[in-house]
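Trainee: Below is a structure I'd like to ask you about.
Residue numbers (this note's numbering), protein chains in the order written: chain A, 233 to 716; chain B, 8 to 104.
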């Protein structure tokens, strides 16, 4: 690890502004870190493509900075991008065979805004196919490996994004969330991961999975880095009617730490029940101790409806996915399976050979819960319970500022251990999905390690659009030493 | 119960073909997952009006105005089978007997 790749995005920005570093040096350092690892015996496999023209963009950024014409503080800084977020002119596959050969005809709004500020996308990151998975193993490029212990998963689905940040191959990365896909890998890899409120970041240009849940997220090494990205990327987008008129620009200058005195935090006892690894519990307990000693009021509460969140999620998300993924038919995008006699055969053969096992399973599950005879029992029921969950979580957040919990029931598990047991894999999301269902912002912060050195994340969830509170509390944790 | 007939129906709806051992494996996994979903029966939703938060206010919707879309050359760049400015697909109409 070079000195440069050990720096946070904020530190890199400061050094570029003071001319202690150049963008060319920064991008070169990350490229060399990626290349050296790729030649090793067990590469992280976090990137599915490194953009070779990133260096020339860095040279252009350096020239712009030398001219001094009002350079943004993100000018010339690299960012890795999950392979389901469109960057104009670049390939995009969602780690699926079915999209191989597809080139993005436009950029996601979030990318447009970051590039307008001068950021340089340096590569596409590995993921579970179409963001369906909790381990980054369901990828046509093979599994990503956890930088802390390469025999273990990174978590998913944004496993590549967490791996490259934790593995010093990028200072910051974009991921995406539908049920925990940024927070879970952040927890497993020991970095910070933010799922903004539904609507804070435009979904235009994010490949759709579950449209009522999807949200672009951010992975970084410190809360200020997440704030820097959020400040630029958030806000209303005419191309996404569900985007909100949020303004986080003030967070870009200086995210301030927050005094925890008087802050009210609730820990749902349902998240402390059977299935929680004792080592994870120990880390949570020590975080709670720190919060209390900092003046926060931390209380255990009962919120039984949280027990239903995984079931609600795995009905609604596959239902929405079965509709969203109907567009991959061999006609318009990427892969087509050979010459076929008619259109039905074209659809069936292309989809059967183009999609992987987990994606097929979720499409089938989605069509099952939406089909005649099962719709009321599953889909309508899940929508009803989701509505109850939103109300009950909202009631808790009217009494408390934050909901505190572990991010995941276990530390990173070993590669291959859950890949053939979908229900066991789904239960990895047991603490994360409620925030997506309730449209809330949620942040995973590295809270400690197990005796074997595996990172453990703690999750804080707040009221809708309370991103600043989450980030400022996390900043307090970070400044006071965090999990280091 | 995901029996053969049900599996056939959802495979058709999904435009997917899965056969043999894989079909039985998926059906078994789906049964296990569907069984897990019975947890939802604990909650009475008979009086619940589905509400996923505030609706999009009509005044925030886009104007109903046409905007420039993708140019054919841009479409060609991402479509693998493109001919004379159109997506190319297999024959749709059957030949007359």
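Ideal Cβ positions, reconstructed from N, Cα and C, are used throughout, including at glycine.
Between the alpha carbons of residue 297 of chain A and residue 428 of chain A, how many angstroms are there, rounded?
Mentor: Here the question's residue 297 of chain A lines up with position 65 in the first chain. Here the question's residue 428 of chain A lines up with position 196 in the first chain. In a straight line, the C-alpha of residue 297 of chain A is about 31 angstroms away from that of residue 428 of chain A.
Trainee: Quick check: the region 388 to 403 of chain A against the region 626 to 644 of chain A, are at least 3 beta-carbon pairs closer than 8 angstroms?
Mentor: no
Trainee: Drop a sphere of 10 angstroms on the beta-carbon of residue 53 of chain B, count the other beta-carbons inside from all chains shown, and report buried for 16 or more, exposed for fewer.
Mentor: Within the second chain, numbered from 1, the residue matching residue 53 of chain B stands at position 46. With fewer than 16 other Cβ atoms within 10 Å, it is exposed.
Trainee: Quick check on DSSP: helix, strand or coil for residue 531 of chain A?
Mentor: For the purposes of this step, residue 531 of chain A is taken as the residue at position 299 of the first chain. The answer is strand: DSSP assigns residue 531 of chain A an E or B state.
Trainee: Residues bridged to residue 355 of chain A by DSSP?
Mentor: The residue labelled residue 355 of chain A in the question sits at position 123 within the first chain. Looking at the DSSP assignment, residue 355 of chain A forms a beta bridge with A/282 and A/312.
Trainee: Residue 274 of chain A: buried (16+ other C-beta within 10 angstroms of its C-beta) or exposed?
Mentor: By 1-based counting over the first chain, the position of residue 274 of chain A is 42. It counts as exposed.
Trainee: Just verifying my parser: in three-state terms, what is the DSSP assignment at residue 666 of chain A?
Mentor: The count along the first chain starts at 1 and reaches residue 666 of chain A at position 434. DSSP places residue 666 of chain A in helix when its eight states are reduced to three.
Trainee: Could you list which residues in chain B have their beta carbon closer than 8 angstroms to that of residue 470 of chain A, in chain order?
Mentor: What you label residue 470 of chain A is simply residue 238 of the first chain in a count that begins at 1. In chain order: 69.
Trainee: What residues from chain A crowd round residue 142 of chain B, counting only those whose CB sits closer than 8 angstroms?
Mentor: Nothing can be reported for residue 142 of chain B: it is not among the residues displayed for chain B, which extend from 8 to 104.
Trainee: Is the shortest distance between the beta-carbon of residue 97 of chain B and the beta-carbons of chain A less than 7 angstroms?
Mentor: Here residue 97 of chain B corresponds to residue number 90 of the second chain, with the count starting at 1. Chain A contact via Cβ: present.
Trainee: Step through the CB atoms of chain B and report whether any lies within less than 7 angstroms of the CB of residue 353 of chain A.
Mentor: Position 121 of the first chain, counted from the first residue, corresponds to residue 353 of chain A. Taking Cβ atoms only, chain B never reaches closer than 7 angstroms to residue 353 of chain A, which makes this a no.
Trainee: Return the Cβ separation of residue 278 of chain A and residue 399 of chain A in integer angstroms, given the expectation that the two are a contact with Cβ distance under 8 angstroms.
Mentor: Stepping through the first chain from its first residue, residue 278 of chain A is reached at position 46. Stepping through the first chain from its first residue, residue 399 of chain A is reached at position 167. Sure, about 6 angstroms apart at Cβ, within 8 angstroms.
Trainee: Just the Cα atoms here: how many angstroms apart are residue 700 of chain A and residue 491 of chain A?
Mentor: In the first chain, the residue the question calls residue 700 of chain A occupies position 468. In the first chain, the residue the question calls residue 491 of chain A occupies position 259. Roughly 13 angstroms between the two C-alpha positions.
Trainee: Keeping to the same chain, check which residues put their C-beta closer than 6 angstroms to that of residue 529 of chain A; ignore five residues upstream and five downstream.
Mentor: Counted from its first residue, the first chain places residue 529 of chain A at position 297. Around residue 529 of chain A, the same chain offers 496 as residues with beta carbons nearer than 6 angstroms, after the five sequence neighbours per side are excluded.
Trainee: Can you name, in chain order, every residue of its own chain whose Cβ lies under 6 angstroms from the Cβ of residue 534 of chain A, other than the five neighbours on each side?
Mentor: As a working note, residue 534 of chain A is residue 302 in the first chain. Same-chain partners within the cutoff: 501.
Trainee: Compile a chain-ordered list of the residues in the region 449 to 471 of chain A whose CB is closer than 9 angstroms to at least one CB of chain B.
Mentor: Going along the region 449 to 471 of chain A in chain order, one finds 468, 470 and 471 with a Cβ nearer than 9 angstroms to chain B.
Trainee: Is residue 447 of chain A close to chain B, meaning its C-beta is less than 7 angstroms from at least one C-beta of that chain?
Mentor: Taking the first residue of the first chain as 1, we reach residue 447 of chain A at position 215. Not closer than 7 angstroms to any Cβ of chain B, the Cβ of residue 447 of chain A fails to qualify, so no.
Trainee: Please go through the same chain and pick out, in chain order, the residues whose beta-carbon is closer than 7 angstroms to the beta-carbon of residue 458 of chain A, but skip the five residues on each side of it.
Mentor: Here the question's residue 458 of chain A lines up with position 226 in the first chain. The answer, listed in chain order, is 424, 426, 450, 452 and 703.
Trainee: Once the 5 residues before and after residue 610 of chain A are set aside, which same chain residues still bring their CB inside 6 angstroms of it?
Mentor: Position 378 of the first chain, counted from the first residue, corresponds to residue 610 of chain A. Hits under 6 angstroms: 547 and 601.
Trainee: Closest Cβ-Cβ distance between residue 579 of chain A and chain B: below 7 angstroms?
Mentor: Residue mapping note: residue 579 of chain A aligns to position 347 of the first chain, counting from 1. Closer than 7 angstroms to some Cβ of chain B, the Cβ of residue 579 of chain A qualifies, so yes.
Trainee: For residue 605 of chain A, count neighbouring Cβ atoms within 10 angstroms of its own Cβ and tell me buried if that reaches 16, exposed if not.
Mentor: For this step, residue 605 of chain A is matched to residue 373 along the first chain. Exposed: under 16 other Cβ atoms inside 10 Å.
Trainee: Does any residue of chain B have a CB that is nearer than 7 angstroms to the CB of residue 280 of chain A?
Mentor: Translated into the one-based positions of the first chain, residue 280 of chain A becomes position 48. Taking Cβ atoms only, chain B never reaches closer than 7 angstroms to residue 280 of chain A, which makes this a no.
Trainee: At least one CB of chain A closer than 7 angstroms to the CB of residue 100 of chain B: is that the case?
Mentor: Within the second chain, numbered from 1, the residue matching residue 100 of chain B stands at position 93. With 7 angstroms as the cut-off, residue 100 of chain B does not count as an interface residue toward chain A.
Trainee: Under the DSSP definition of a beta bridge, which residues are partnered with residue 497 of chain A?
Mentor: Working through the first chain from its first residue, we reach residue 497 of chain A at position 265. A/530 and A/634, per the DSSP bridge assignment.
Trainee: What's the C-alpha gap between residue 250 of chain A and residue 330 of chain A?
Mentor: By 1-based counting over the first chain, the position of residue 250 of chain A is 18. By 1-based counting over the first chain, the position of residue 330 of chain A is 98. Each residue's CA atom was taken as its position, placing residue 250 of chain A and residue 330 of chain A some 46 angstroms apart.
Trainee: Is the beta carbon of residue 346 of chain A less than 7 angstroms from the beta carbon of residue 465 of chain A?
Mentor: Numbered from its first residue, the first chain carries residue 346 of chain A at position 114. Numbered from its first residue, the first chain carries residue 465 of chain A at position 233. Yes, the Cβ-Cβ distance between residue 346 of chain A and residue 465 of chain A is below 7 angstroms.
Trainee: Which term fits residue 259 of chain A, buried or exposed, when burial requires 16 or more other beta carbons within 10 angstroms of its beta carbon?
Mentor: Position 27 of the first chain, counted from the start, is the residue given in the question as residue 259 of chain A. Buried, by the Cβ-count rule.
Trainee: Just tell me which of A/539, A/511 and A/401 has its CA closest to the CA of residue 503 of chain A.
Mentor: Position 271 of the first chain, counted from the first residue, corresponds to residue 503 of chain A. For the residues A/539, A/511 and A/401, the minimum Cα distance to residue 503 of chain A belongs to A/539.
Trainee: Counting along the chain, where does the beta strand (DSSP E) carrying residue 551 of chain A start and finish?
Mentor: Taking the first chain and counting its residues from 1, the one referred to as residue 551 of chain A is at position 319. Careful: residue 551 of chain A lies outside any beta strand (DSSP E), inside the alpha helix (DSSP H) at 541 to 556.
Trainee: Tell me the rounded alpha-carbon separation between residue 551 of chain A and residue 519 of chain A.
Mentor: Taking the first residue of the first chain as position 1, residue 551 of chain A is located at position 319. Taking the first residue of the first chain as position 1, residue 519 of chain A is located at position 287. Residue 551 of chain A and residue 519 of chain A have their C-alpha atoms some 37 angstroms from each other.
Trainee: Using a beta-carbon distance below 7 angstroms, is residue 385 of chain A in contact with chain B?
Mentor: Position 153 of the first chain holds residue 385 of chain A. Under the Cβ distance rule, residue 385 of chain A does not count among the residues neighbouring chain B, no pair being separated by less than 7 angstroms.
Trainee: So, are the CB atoms of residue 598 of chain A and residue 526 of chain A less than 7 angstroms apart?
Mentor: By one-based count along the first chain, residue 598 of chain A stands at place 366. By one-based count along the first chain, residue 526 of chain A stands at place 294. Not a contact, by the Cβ cut-off of 7 angstroms.
Trainee: Give me the Cα-Cα distance between residue 314 of chain A and residue 467 of chain A, rounded to the nearest whole angstrom.
Mentor: Looking up residue 314 of chain A in the first chain gives position 82. Looking up residue 467 of chain A in the first chain gives position 235. Taking the straight line joining both Cα atoms gives about 20 angstroms.
Trainee: Excluding sequence positions up to five away, which residues of its chain have a Cβ less than 7 angstroms from the Cβ of residue 612 of chain A?
Mentor: Your numbering for residue 612 of chain A matches position 380 in the first chain. For residue 612 of chain A, same chain residues with a beta-carbon under 7 angstroms away, outside a window of 5 residues either side, do not exist.
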